[in-house]
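In this note's numbering, the protein residues as written are 280 to 698. We treat Cβ as the ideally placed atom computed from N, Cα and C, and that holds for glycine.
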Ligand code: SF4
């Protein structure tokens, strides 16, 4: 495959607006007029190499290199090669602060379908699935009905829960209707759905694949940076004028993203980056780029592109306690750390937030995080513990103040959006 094949007379998107270029609620005709046709089978032989050259990373949270994941089920000579893989488009964004995948499935479902078909052709898939919650799946189904090439896609409705989008939960939901994670040592790329090699890709990742398949790696890399090429979708919510989904170039700073949403940086106390399993970034560090490299020194990752803004007037301990309480309630309660550790963590953080001055609370929280990390079948306890540790670190002065009976955030808000 050449770097810029296929799209025929259609010119590659030239600006920052790539994924939504076809416009709101774009039908198949508009999609084709905007992006051109795509023939997955003719692209298949070179697609993995093109993805490798593009540097595309997963947009669902883990940020794993897409070409390596696809390559893991396409190695000739491997005995697994004899078993046709399964590809799943995952649109179950369980994160309460993320709406980018539902927005994408509503306004650009054909790009997701293109990416799913292209990935399926590249790995010689025996079956393709699109998994998404009730509010989104109808848009994808309607889009698939508009085109003949999407008839092989099976649609499975995702439960509306935080962990329903975890990769092994996705496989379980499709296989037996129960969206619970399974042991994390099982590699889905070798033993996934019905023990077949299985690729689970976020829907935004697949939409990017649909573009790279048409316009090539060099085009993809024409925005972003060497280490964070292309664009990504970001959901900005919290203390902002309006909750928004934005497409930004890789390596854009958090400050620039917020300012382009009309947020005054002076009004911000911190930003939760990456979602409820993410980390707080203090206002002083908002010049950091929303990329794996830019956030690593701050102990954060872009995750699923979530920026939740905390206003200066808001108590970060109250906000964090509320999130941890939510996370404790969202566990599948099938492992000890979730059954016992997370509710206890939520309870202690709530005591700290609401004025309990027992000096041992901070140490108790730290000890609880140590006791749950790495002990669950999935990442849920680790992600929750990570948020607690980030809260204790970034808001250490607030913790000190609460333990002496004060709160540093007494000012009244001048402007508010609940996002
Ligand atoms: S760690 Fe928690 S969320 Fe994950 S499988 Fe176990 S009980 Fe479920």
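At least one heavy atom of the ligand SF4 lies closer than 7 Å to the C-beta of residue 459. Note that the stretch 514 to 524 does not touch the stretch 414 to 426; fewer than 3 beta-carbon pairs, one per stretch, sit closer than 8 Å. Its chain contains 376, 516, 517 and 551 as the residues whose beta carbon lies nearer than 6 Å to that of residue 587, once the 5 sequence neighbours on both sides are disregarded; these appear in chain order.
In this structure, the straight-line span from the alpha carbon of residue 303 to that of residue 383 is close to 10 Å. Assignment of residue 551 by DSSP, reduced to helix, strand and coil, places it in the strand class. Counting other Cβ atoms within 10 Å of its Cβ, residue 671 reaches 16 or more and is therefore classed as buried. A contact between stretches requires three or more CB pairs, one per stretch, nearer than 8 Å, and the stretch 429 to 449 meets this requirement with the stretch 367 to 376. Of all alpha-carbon atoms in 618, 342 and 487, the one lying nearest the alpha-carbon of residue 604 is that of 618. Contact between residue 450 and residue 477 holds: CB atoms are separated by about 6 Å, below the 8 Å threshold. In chain order, 442, 610 and 617 place their CB closer than 7 Å to the CB of residue 659, counting only its own chain and leaving out the 5 sequence neighbours on each side. The Cβ-Cβ distance between residue 319 and residue 400 falls below 8 Å. Shown here, residue 477 sits in a strand according to DSSP, grouped into three states. Nearest C-alpha to residue 329 among 378, 308, 342 and 397: 397. The beta carbon of residue 615 sits closer than 7 Å to those of 654, all from its chain and outside the five residues before and after it, given in chain order. Residues 460 and 461 of the same chain have their beta carbon placed closer than 6 Å to that of residue 447, with the five preceding and five following residues left out of the count. For residue 412, the enclosing beta strand (DSSP E) starts and ends at 406 to 412.
About 10 Å separates the beta carbons of residue 646 and residue 624, which is beyond the 8 Å limit, so they are not a contact pair. For residue 604, the shortest C-beta to heavy atom distance toward the ligand SF4 is 7 Å or greater.
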